[in-house]
Amino acid sequence: MTIQKRLWDLVVLAIVVFATAFATAPWFAFRALKAAAQYEDVQAISELVDFPAVRRSLTAQLNETAPAAAPAEPPSIWRDPLNVFKRAIEPIAPPEPKVDRYLTVAGLSALTRGYAPGAAPPPARPATATDRVKAAVAGPHPTIAYWDPNRVRIAIKRPGRPAQATVFTFRRGKLFEWRLVHVRLPADER
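When the letters of the sequence shown are read in order and numbered with numbering that gives the first Met the number 0, they come out as residues 0 to 189.
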């Protein structure tokens with residue numbers, strides 16, 4: 000073999016390795032998010048998740064009121080005096096946002112494992128190598144629902160309910176940097 004042939008083979012190999020790394024980087028970002036949530040690594044989670052964007056997406060899905068519905072007119076003291084006094088003594092504090100339970104470390108850990116926040120069993124810590132292999136094979140496994148060079152959607156099915164899936168949308172920032180920007184919940188959770 001000549002040096003020119005070896006150099007050409009090296010260039011082709013470098014292109015193949017680069018293309019493979021570029022195509023699989025979102026999957027590795029999802030795996031990194033799952034591991035960071037499982038081991039409660041807050042610093043890694045903050046680097047992998049765009050919290051304002053994810054909060055906006057979840058708020059839109061969990062909003063109970065229809066956006067087009069007009070707010071009800073407050074009661075009048077002349078027409079309904081009892082409701083006026085009832086409204087005056089009600090607590091003014093707004094209810095706790097439903098989004099917060101999804102954006103905690105435990106909530107992200109449950110979502111990446113395929114469960115709803117608060118419904119996930121504690122993660123099992125396999126002791127032996129065979130237990131680790133069984134846990135890896137058991138699933139649920141993330142699948143790529145959509146891929147393009149700048150945006151990837153990864154779906155993870157609910158254990159026991161394969162028709163329902165949580166979809167994570169990652170957006171590329173730099174060449175190999177992917178961040179979570181959207182979470183689409185199954186229809187029964189919205």
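From the three backbone atoms N, C-alpha and C, an ideal C-beta is built for every residue, glycine too.
The alpha helix (DSSP H) that contains residue i, what's its start and end?
i	result
T168	Element bounds for T168: not the alpha helix (DSSP H) but the beta strand (DSSP E), R160 to R171.
K33	I2 to Q37
A43	V41 to L47
T111	V104 to R112
T129	A128 to A137
Report the three-state DSSP secondary structure of residue i (helix, strand or coil).
i	result
T142	strand
A65	Because A65 carries a pLDDT of 48, less than 50, the predicted location of this residue cannot be relied on, and the following value inherits that uncertainty. If DSSP states are grouped into helix, strand and coil, A65 belongs with coil.
R183	strand
A59	helix
A87	helix
A154	strand
R178	strand
R54	helix
How should residue i be labelled, buried or exposed, when 16 other C-beta atoms within 10 angstroms of its C-beta is the threshold for buried?
i	result
H181	buried
Y114	buried
P25	buried
L9	exposed
A126	exposed
A28	buried
Nearest to residue i by CA position, among the options, is which residue?
i	options	result
D187	F167, Q60 and K4	Q60
G159	I153, A118 and F50	A118
D49	A20, L32 and D130	L32
R54	I44, V98, P185 and E39	V98
P161	R86, V41 and T142	T142
T23	I76, W146 and L184	W146
Below 8 Å on the Cβ atoms is my guess for residue i versus residue j; work out the distance and round it to an integer in Å.
i	j	result
R178	F167	At roughly 11 Å, the Cβ-Cβ gap does not stay under 8 Å, so R178 and F167 are not in contact.
Q163	K173	Q163 to K173, Cβ: 33 Å. No contact.
Return yes when at least one heavy atom of the ligand SAM lies under 7 Å from the C-beta of residue i, else no.
i	result
G159	For the structure depicted, the ligand SAM is absent and the ligand set is empty, with no information on it obtainable.
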